[in-house]
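Note that my numbering has the sequence shown beginning at 194, numbered continuously upward.
Glycine is no exception: its CB is placed at the ideal position from the N, C-alpha and C atoms.
Treat the numbers as computed from the prediction; the structure is a model and nothing was measured.
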Amino acid sequence: LQAALKMRCDSAGSCYAIYWTETDGMFSVAGAYVTPERRKALRAKGLTTDFADASKYLTISAESDALVSTCARHGTPTFVANAAATETFCRQALAGVYGIESIVCKPVKGGVLEFGTSSGPETATWPDMPPCPDLPKDEIKRALEDLGAAYVIFWQLRGDYYEVTAEFATPEHERAIRDRYGEEDTFASVSKMFALPADGDGYVATAARSGKSFIVPNAMEEVRLKRQKLAQKFGIREVYIVPGKDGVLEYGMATEIA
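This is how it looks when you write it as structure tokens:
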């Protein structure tokens, strides 16, 4: 769940994400994520909690006109441009306290995904409903929980190149990197520096064009992989490339970093 929430923040430029589920006619928070940049901005203002944290203590009636309930009832995304100034938004006061600006609610499997921006520079600005690409949540869950992937990357076409719009590395992999190199970067985060030609012969572009998945048995020895040297540094071995409706999902396993 944390992977899906973090990757939604990445892809949308939001500062938080909340997963709401309904039980006995009431919605409550089943999971939440706040970006590190947002946490830092809040600390600078003397705040130790965020809008997402405060929302965990609330329940919302499924029959109400709240953003979350309306989204679930109609099965369509809902949007508020200025949450702190919208009197019909049930958490208007909280939005004002925490400087929350725009909010989107999107129906997802099992509930509602909410994500939003702040009035600060640590997030994107949405003049209207932002694009909401479908992240392959079931495949992400399979990668992390069943296959033991160390990281997940979502590539999307931007002009003539595929770029990373969302990424996640497991806490265990991040810890191994810190212990070995004393740095916060991971294979997934550094991959954001790469732009892969859409007409190239790389795995991501080829998967997108053909609609076929690929498995790279040993990324550290695969010369066709443009990030081979990076894979060697971070101990990435088996890599999966899976095309989808809105982009290409990549995930991989890591060997023990010597």
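Rounded Cβ spacing between A245 and Y212 (contact assumed at less than 8 angstroms): Not a contact, Cβ separation roughly 10 angstroms.
Beta strand (DSSP E) segments (min. 3 residues) lying fully within the stretch 299 to 337: 304 to 311
M200 beta carbon less than 7 angstroms from that of A359: In contact: A359 and M200 (Cβ atoms closer than 7 angstroms).
Strand pairing of L442, partner residues [DSSP]: In the DSSP secondary-structure assignment, L442 is bridged to F347, V435.
One or two residues paired with A237 in a DSSP bridge: A237 is not bridged to any residue.
Reduced DSSP category for S406 - H, G, I as helix; E, B as strand; rest coil: coil
Straight-line Cα distance separating V357 from A451: Note that A451 has pLDDT 43, beneath the 50 cutoff, so the model's placement of it is unreliable and no number is given.
Which of helix, strand or coil DSSP assigns to S207: In the structure shown, S207 sits in coil (DSSP, three-state: anything other than H, G, I, E or B).
Contacting residues, own chain, Cβ-Cβ under 7 angstroms from I293 (five flanking each side not counted): Taken in chain order, the residues that qualify are F244, A276, A277, G309, S311.
Same chain only: Cβ atoms within 8 angstroms of P317, ignoring 5 sequence neighbours per side: Rather than Pro, the amino acid found at residue 317 in this sequence is Ala. Correct list, in chain order: A205, G206, S207, T310, P323.
Simplified DSSP state of V357, which is helix, strand or coil: strand
Inter-residue spacing [alpha-carbon to alpha-carbon] between E215 and S221: 6 angstroms
Distance between T281 and L340 (C-alpha atoms, nearest Å): 44 angstroms
Helix, strand or coil at P390 [DSSP, three-state]: strand
Contact the stretch 229 to 244 vs the stretch 396 to 403: 3+ CB pairs below 8 angstroms: no
As assigned by DSSP and simplified to three states, the class of F220: strand
Nonlocal neighbours in the same chain, by C-beta distance under 7 angstroms from L260, ignoring five residues either side: T271, V273, F282, I296, C298
One or two residues paired with A225 in a DSSP bridge: I211
Residues near E376 in its chain [Cβ-Cβ closer than 7 angstroms; skip 5 each side]: I370
Inter-residue spacing [alpha-carbon to alpha-carbon] between R284 and M219: So the two alpha carbons sit approximately 16 angstroms from each other.
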